[in-house]
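Below is one structure, written out as C-alpha cells; the observations come after it.
Numbering (full-length UniProt numbering), first residue to last: 1 to 185.
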C-alpha cells in the first residue's frame with residue numbers, strides 16, 4: 001500500500017518527468033528547424049555554384065578565354081579555378097544535404113502499446129509508479145533522439161559551411177576572371 005507521502009512524491013516525480021518530456025520536445029523542434037534551415041542553405045549554395053559553372057561556360061563559349069590562354073599559360077589557373085571551386089562547393093553542399101540519419105523522437109507504436117498495457121491494468125494494480133515508468137522510458141527515447149539530431153546538425157553544418165566557403169571563393173575567382181576579361185577586351 002502506498003502512503004500519502006509516497007503518493008505525493010510520485011505525483012511530483014511525474015510532474016518533473018512530464019515537464020522534461022515537454023522540454024525535450026521543444027529542444028528537438030529547435031534542432032529540427034536548424035536542420036531544415038541547413039538543407040535550404042545547402043540547396044542555395046549548390047544553385048549559386050551551378051551559376052558559377054554556367055558563367056565560366058559562357059566565357060568559354062564567348063571566345064575570350066582562348067585569347068587569354070594563348071597570351072600566358074598562368075591564365076589557365078584563373079580560368080580553371082572558378083569552376084573547380086564551384087564543383088567542390090556543389091559536392092560539399094550535396095554531402096551536407098545527404099546527412100539525414102536521425103533517431104525519430106517518438107515511437108508511436110511503442111507508446112501505443114505501453115499505453116494499452118497501462119490501460120489494461122485493473123485499478124488495484126495501476127499506480128503512479130507505472131505512469132512514472134512510462135514517462136521515464138519516453139525520456140530515455142528523447143535523450144537518444146536529441147543526441148542523434150544534435151550530432152546530425154553539427155555534421156550537416158560543417159558540410160554546408162565548407163560549401164559556402166568554397167562558393168564564396170568561386171565567386172571571388174569568377175569576379176577576378178570577369179574583370180580580367182573586361183580589361184583584356
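By construction, the Cβ of each residue, glycine as well, lies at the ideal position given by its N, Cα and C atoms.
In the three-state scheme derived from DSSP, where H, G and I count as helix and E and B as strand, residue 122 is classed as coil. Taking 8 Å as the cut-off, the Cβ atoms of residue 28 and residue 154 do not count as close. 14 is the residue among 3, 9, 5, 14 whose C-alpha sits nearest the C-alpha of residue 137. For residue 96, the uninterrupted alpha helix (DSSP H) run begins and ends at 75-98, by DSSP. Excluding the 5 residues flanking it on each side, residue 39 has same chain C-beta neighbours closer than 7 Å at 97, in chain order. In this structure, the CA atom of residue 183 is about 14 Å from the CA atom of residue 174. Three or more Cβ pairs drawn from the segment 161-177 and the segment 47-63 lie within less than 8 Å of each other, which places the two stretches in contact. Between residue 16 and residue 122, the alpha-carbon positions lie close to 25 Å from each other. Per the coordinates, the alpha-carbon of residue 18 lies some 7 Å from the alpha-carbon of residue 135.
Membership of residue 148 in the alpha helix (DSSP H) is indicated by the continuous run 128-184. Between residue 90 and residue 159, the gap from beta carbon to beta carbon reaches 8 Å or more. Taking the Cβ atoms as the reference, residue 167 lies roughly 37 Å from residue 23, outside the contact range of under 8 Å.
Spatial neighbours of residue 85 in its own chain (CB-CB distance under 7 Å, excluding positions within 5 residues in sequence) are listed in chain order as 166, 169, 170, 173. For residue 92 against residue 162, the beta-carbon gap comes to about 4 Å, under 8 Å, which counts as contact. Taking C-beta atoms as the reference points, residue 53 and residue 132 fail to come closer than 8 Å.
Within the same chain, Cβ atoms closer than 6 Å to the Cβ of residue 95 are found at 159, the five residues on either side in sequence being excluded.
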